[in-house]
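>
This is the structure:
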């Protein structure tokens with residue numbers, strides 16, 4: 451397995467350290483030479499000095515040989531841009547970090563569905579701990595290949611929940627609309643911009659990403675080419 455990181459901050463350093471111990475091939479793209487020099491002392495991985503949102507730098511990371519691209523700089527716009535460029539270059543899976551939650555829905559509409567929002571996730575973990583619920587308890591519900599996937603409703607998704615072209619072993623469990631949570635039925639009507647959360651088996655994730663984890667224009671091009 452091979453993972454590429456854009457940005458060499460604390461989250462990247464921590465994740466890279468864990469992955470390296472698991473014998474994952476890691477490469478980090480960072481424009482600050484000082485950060486690279488500091489990390490070379492503690493991480494046994496590859497480094498690329500440059501702007502990770504530039505196509506040339508991402509190509510150097512090897513899109514065709516990389517399983518995951520993690521865009522984790524301290525700038526939301528740079529992470530979104532790097533994610534979009536990375537997707538256009540053919541990275542198989544892209545994880546995008548944002549700090550400003552106003553960008554969350556924009557990312558979903560762009561097909562960037564694997565999001566990290568550190569402060570919100572940390573706040574949720576602290577709240578769970580305060581109520582005596584360990585974050586690990588939540589993970590125990592997802593066994594035997596169960597996964598969550600979310601996407602923003604586009605024009606072509608208009609209709610009812612039952613009309614969604616979902617793969618087998620997959621169902622809608624939640625709809626977020628204007629900061630409200632709705633529990634859907636088969637007859638629930640979807641509105642443009644709704645965020646739909648699916649419970650799916652891991653075998654369905656590739657099909658889900660191919661449909662919703664791409665920009666609308668790219669999806670349309672793929673359908674045209676297939677026909």
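In the working numbering, the protein residues as written are 451 to 677.
We put the CB at the ideal spot given by N, CA and C, even for glycine.
Every value quoted in this text rests on a predicted model; they were computed, and no experiment measured them.
1) So residue 457 and residue 522 are supposed to be a Cβ contact under 8 angstroms. How far apart are they, rounded?
2) Please go through the segment 524-572 and give each complete alpha helix (DSSP H) segment of 4 or more residues, from N-terminal end onward.
3) For residue 453, does the three-state DSSP call read helix, strand or coil?
4) Within 10 Å of its beta-carbon, does residue 605 have 16 or more other beta-carbons around it, so buried, or fewer, so exposed?
5) Classify residue 493 as buried or exposed, calling it buried when 16 or more other Cβ atoms lie within 10 Å of its own Cβ.
6) For a test of the three-state rule: what should DSSP assign to residue 675, helix, strand or coil?
7) Please name the residue in 473, 467 and 459 whose C-alpha comes closest to that of residue 481.
8) Note down, in chain order, each residue of its chain lying with its Cβ closer than 8 angstroms to the Cβ of residue 610, except the 5 sequence neighbours on either side.
9) Around the Cβ of residue 536, are there at least 16 other Cβ atoms within 10 angstroms (buried) or fewer (exposed)?
10) Give me, in chain order, the residues of the same chain whose beta-carbon lies closer than 8 angstroms to that of residue 529; leave out the 5 immediate sequence neighbours on both sides.
Looking at the atomic coordinates:
1) Sure, about 4 angstroms apart at Cβ, within 8 angstroms.
2) Counting whole runs of 4 or more residues, the segment 524-572 contains the alpha helix (DSSP H) stretches 526-539 and 552-559.
3) Strand at residue 453.
4) Exposed, by the Cβ-count rule.
5) Buried.
6) Residue confidence for residue 675 is low, a pLDDT of 34 falling below 50, so the modelled location carries little weight; the figure read from the coordinates is stated next. Secondary structure at residue 675: helix, using DSSP grouped into helix, strand and coil.
7) Checked all of 473, 467 and 459; the closest Cα to residue 481 is 459.
8) Here the set comprises 636, 637, 638, 639 and 640.
9) Buried, by the Cβ-count rule.
10) Closer than 8 angstroms at the Cβ level, and outside the excluded window around residue 529, lie 456, 457, 521, 522, 523, 546, 547 and 548.
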